[in-house]
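Everything on this sheet refers to the single structure shown next.
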Amino acid sequence: MASTHRKPTRAGSHLDVQVRARPLSGFRHLVIPVGGRQYRGLVALQARAPVKTRAAATIPFVALDFETADYQRDSACALAMVRVEDGRIVQTMNRLIRPPRRDFVFSHIHGITWPDVADQPDFAQLWRDFAPLLKGASFLVAHNASFDRSVLTACCRSARLEPPALPFQCTMRLARERWNLYPTRLPDVCRSLKIPLKQHHDALSDAEACARIMMHAQSRPS
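Per numbering that gives the first Met the number 0, the sequence shown starts with residue 0, numbered consecutively.
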């Protein structure tokens, strides 16, 4: 598609100037016929002001990590949450939970046993303390988020509570898609990004690491 414009010369005559469609962002072609020949060139267009958007680093979110006692998703025995606002950690909470059964098959992973939690509140009692951390958050973050999401949903349903409607972001998936990192176990991702991980499978340590992975991504938008 082209349009023709009359352009005066120094001698007072006029040239027919054709303006072609832009070949590149920010430029357009000029085709000027002179003496039976066509002269082509690029003319820069005036730059548009950038669209103002909310900086990613200011978006509040909550990172969380569950530890479970057995293979059932409602067997949470520990939960930690880390709230991030304006690119910094502003609040943390870490609590042991008494699961609905005494069976502990993952003590060799996280070190928690039934005697550790026998006198602790159950999920329904503790959720009253955790829920305020989610107020105003845009999303939740976890490593292998499908697991933590399923635990949260199962625990809420067992306690006859409504699960949070917030979407989940997965730092394991983020590591693969954003930085092409493999393997994507939490210690491996933290090592690659130079993020401290104090004690893997400690709920607070893992939640803080997840928060810092997301903060790392927010501070370096693609």
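Don't be surprised by glycine CBs; every beta carbon is placed ideally from N, CA and C.
Since the model is a prediction, treat every value here as computed from it, not as a measurement.
Under a 10 Å Cβ-count criterion, Arg219 is classified as exposed, with fewer than 16 other Cβ atoms of the shown protein chains found around its own Cβ. Counting along the chain, Leu125 sits inside the alpha helix (DSSP H) bounded by residues 122 to 129. The Cβ-Cβ distance between Phe60 and Met213 falls below 8 Å. With respect to Trp126, Ala77 sits apart: the two C-beta atoms are not nearer than 8 Å. Arg175 and His215 have their C-alpha atoms spaced approximately 14 Å apart. Comparing alpha carbon positions, the residue from Pro163, Ile88, Phe105 closest to Ser74 is Phe105. The Cβ atoms of Ala206 and Ala55 do not sit closer than 8 Å to each other.
For Phe167, the enclosing beta strand (DSSP E) starts and ends at 167 to 169. By the criterion of a C-beta distance shorter than 8 Å, Pro162 is surrounded in its chain by Leu151, Thr152, Cys155, Arg156, once the five residues flanking it on both sides are discounted. Around the Cβ of His109, a 10 Å sphere holds 16 or more other Cβ atoms; the residue is buried. In the three-state reduction of the DSSP assignment, Glu161 falls in the coil class, being assigned neither a helical nor a strand state. Rounded to the nearest whole angstrom, the CA to CA distance from Asp201 to Ala117 is 18 Å.
Taken through DSSP and simplified to helix, strand or coil, Arg175 comes out as helix. Residues of the same chain with their beta carbon placed closer than 6 Å to that of Ala130 are lacking, with the five preceding and five following residues left out of the count.
Taking a contact as a CB-CB distance under 8 Å, the pair Val140 and Cys209 counts as one, their CB atoms being some 5 Å apart.
With respect to Arg177, Ile194 sits apart: the two C-beta atoms are not nearer than 8 Å.
Excluding the 5 residues flanking it on each side, Leu185 has same chain C-beta neighbours closer than 7 Å at His142, Leu196, His199, Asp205, Ala208, in chain order.
Rounded to whole angstroms, the gap between the alpha carbons of Phe138 and Gln168 is 7 Å. Classified as buried, Thr67 has 16 or more neighbouring CB atoms from the shown chains inside 10 Å of its CB. DSSP lists Ala79 as the bridge partner or partners of Asp64. Checking the DSSP bridge columns, you'll see Glu207 has no partner listed. Checking the DSSP bridge columns, you'll see Met214 has no partner listed.
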